[in-house]
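In our numbering, the protein residues as written are 308 to 582.
Written below as structure tokens is the structure these notes are about.
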């Protein structure tokens, strides 16, 4: 497996009950945890997502009723929580993996998207828990189309896995600048200036706001509830596997549907820069 996320921890009110449901739906469990809960949780492997392990853990809450990973206070530049995970699956397995997350873990499908860019294409499905605390974007390359960045990820990762982790921040413009100036070597994907020309035609924003985003690489989308800002990093790993997203939600509930194509194009361009 390529460098990336090997274990995804999921907070549950009753991990044992969820484990039983998952196994009944076809999940497997490592021998050390099969049949019961360990102190750290109960491990299961989702059909079609091996070797990623899902660790079911008790969901703790603080005095304010917040669970681990839920948005809290801060200066807006540090990640508040994981907004969502994007999981890449093999061609032809999206429906089966989606079905397991529905039947085995009780997640609900909230969005589907087919993205076509030139000779490449991908299918995606978003599933979410009833509490809203867990959101997964599942993506697969389309077999009949040219191999692209998802095919590259599956090859470099030696199979399916977490393609990117999206971290929620309160002020993306400042957070991105802070990360870029922090000396950690984080490199963000480039966004062509033409994106902002098209953006001005696509969305209505106060004067000057789109111009303020030019040169930042930050993408913007809107839905019926508000707007969404997002930016993606290059993979920091030699094999070009896992990468990251920073996202700011200004009341938006969607996932930048109009930006999926922009991301697909940006990652496709980035493939050409990898050594």
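For every residue, glycine included, the Cβ atom is placed at its ideal position computed from N, Cα and C.
Which residues in the same chain as residue 461 place their Cβ atom closer than 7 Å to its Cβ, once the five residues preceding and following it in sequence are excluded? 395, 397, 467
Residues sharing a beta bridge with residue 395, DSSP: 446, 468
Could you check if residue 502 is buried or exposed, using at least 16 other CB atoms within 10 Å of its CB as the buried criterion? buried
Measure the Cβ-Cβ separation of residue 566 and residue 528 and say whether it is below 8 Å. yes
Which residues share a DSSP beta bridge with residue 537? 526, 554
Tell me the DSSP secondary structure of residue 348 in three-state form. strand
With three or more beta-carbon pairs closer than 8 Å as the criterion, would you say the stretch 417-431 touches the stretch 489-499? no
Beta-carbon separation (whole angstroms), residue 553 vs residue 474, contact threshold 8 Å: 6 Å
Where residue 354 falls: helix, strand or coil (DSSP): coil
Between the stretch 395-415 and the stretch 479-487, can you find at least three pairs of beta-carbon atoms closer than 8 Å? no
Using beta-carbon positions only, say whether residue 557 and residue 542 come within less than 8 Å of one another. no
Which same chain residues, not among the five before or five after residue 559, have their C-beta less than 6 Å away from its C-beta? 530, 532, 533, 534, 535
Residues bridged to residue 495 [DSSP beta-bridge criterion]: 540
By the three-class DSSP mapping on this structure, what secondary structure does residue 364 have? strand
For residue 435, write down the residues that DSSP places opposite it in a beta bridge. 415, 442
CA-to-CA distance, residue 406 to residue 430, given in whole angstroms: 15 Å
Exposed or buried, what is residue 463 when buried is set at 16 or more other beta-carbons lying within 10 Å of its beta-carbon? buried
Proximal residues to residue 600 (C-beta, below 7 Å), its chain only, five neighbours per side dropped: Residue 600 lies beyond the stretch modelled for the chain, which goes from 308 to 582, so this question has no answer here.
Using the Cα positions of residue 540 and residue 322, report the straight-line distance between them to the nearest angstrom. 33 Å
Reducing DSSP to helix, strand and coil, say where residue 420 ends up. strand
State the DSSP-derived secondary structure class of residue 512, mapped to helix, strand or coil. coil
Between the CA atoms of residue 445 and residue 422 - distance to the nearest angstrom: 13 Å
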